[in-house]
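What follows is one structure encoded as structure tokens, with my remarks underneath.
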Amino acid sequence: MPKFSWHTDPVPAGLAVRQVYGFLFVPDGRLLIRLDGTKHTLPGGRPEPGEVAYVDILRREAMEEVTVDIEEPHYLGYQCVNDGISPYAQVRMAALISCAYPPAPDPDSGRTYRRLLVHPSKAGDLLAWGETGYLQATAAAEAAVGILGLPADGLPAASEL
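The sequence shown: position 151 = 151 (full-length UniProt numbering), numbered continuously.
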């Protein structure tokens, strides 16, 4: 069974980054959660050949999966996944959504995902990633307020984007 650990420092040299995911916020402070059937996830995915910048990976994945443009992402940290064979990193970033387009099929899967806007405090429960998920969601909520300048209180009710 893989072991997960959360780190806020840069990804160490030599540790492969296999995935980049984003905590994406709308200007009113709510967080976008991607809904695939009954599974709640963040937009993001694997680097494509030639992609090395986390920002580029997240921008592409955000457009492909949830059809949104984002402003400059902020690096939050990485989750180390130790699968007992070859540990790897899953980078997490936070960004403000600058433009949302109508939902469209993901070019990789052909599925059109639902986009839920929720209070950031709900992320840990919805994502169901355990202790490291709560740490990531907390880091994202703090970045949303402290770095992205979004409100922490008085957020609208959950809705679809």
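Ideal placement from N, C-alpha and C gives every residue a C-beta, glycine not left out.
Checklist entry - Relative to the C-alpha of Ile147, which residue among Val118, Thr112, Leu96 is closest? => result In the sequence shown, counting from the first residue as 1, residue 147 sits at position 147. Minimum Cα distance to Ile147 is reached at Leu96.
Checklist entry - In terms of residue numbering, what span does the alpha helix (DSSP H) encompassing Tyr134 cover? => result Position 134 of the sequence shown, counted from the start, is the residue given in the question as residue 134. First-last of the alpha helix (DSSP H) with Tyr134: 130 to 146.
Next on the checklist: Considering Cα atoms alone, identify which of His7, Arg30, Pro10 is closest to Leu150.
Outcome noted: Position 150 of the sequence shown holds residue 150. If we check each option's Cα against that of Leu150, Arg30 comes out closest.
Item to check | Extent of the continuous alpha helix (DSSP H) run through Ile33 | outcome: Taking the sequence shown and counting its residues from 1, one reaches residue 33 at position 33. Taken as a continuous stretch (DSSP letters only), Ile33 belongs to no alpha helix (DSSP H), being part of the beta strand (DSSP E) at 31 to 36.
Checklist entry - Which first and last residues belong to the alpha helix (DSSP H) in which Gly124 is found? => result Translated into positions along the sequence shown, residue 124 becomes position 124. Taken as a continuous stretch (DSSP letters only), the alpha helix (DSSP H) holding Gly124 covers 123 to 127.
Checklist entry - When you compare each of Tyr54, Ser5, Pro103 to residue 171 by their alpha carbons, which one comes out closest? => result With the chain covering 1 to 161 only, the question about residue 171 has no answer from this structure.
Item to check | Environment of Tyr101 [buried if 16+ CB atoms lie within 10 Å] | outcome: In the sequence shown, counting from the first residue as 1, residue 101 sits at position 101. Exposed is the call here.
Next on the checklist: Rounded to whole angstroms, what is the Cα-Cα separation between Asp69 and Gly22?
Outcome noted: Locating residue 69 in the sequence shown gives position 69, counting from the first residue. Locating residue 22 in the sequence shown gives position 22, counting from the first residue. Looking at the two C-alpha atoms, the distance is approximately 12 Å.
Checklist entry - Mind pulling the beta strand (DSSP E) runs of 3 or more residues that sit fully within the stretch 56 to 114? => result 68 to 70, 74 to 82, 88 to 100
Checklist entry - Taking the Cβ atom as the reference point for each residue, do Asp108 and Glu71 lie within a distance shorter than 8 Å? => result Residue numbering aside, residue 108 sits at position 108 when the sequence shown is read from its first letter. Residue numbering aside, residue 71 sits at position 71 when the sequence shown is read from its first letter. Not closer than 8 Å, so no.
Checklist entry - Taking just the CA atoms, how far does Leu76 sit from Gly124? => result Counting from one through the sequence shown, the residue named residue 124 turns up at place 124. Counting from one through the sequence shown, the residue named residue 76 turns up at place 76. Straight-line Cα distance between these residues: approximately 15 Å.
Item to check | Status (buried if at least 16 other CB within 10 Å, exposed otherwise) for Met1 | outcome: Looking up residue 1 in the sequence shown gives position 1. Met1 should be labelled exposed.
Next on the checklist: Buried or exposed, going by whether 16 or more other CB atoms sit within 10 Å of the CB of Ala140?
Outcome noted: For this step, residue 140 is matched to residue 140 along the sequence shown. So Ala140 ends up on the buried side.
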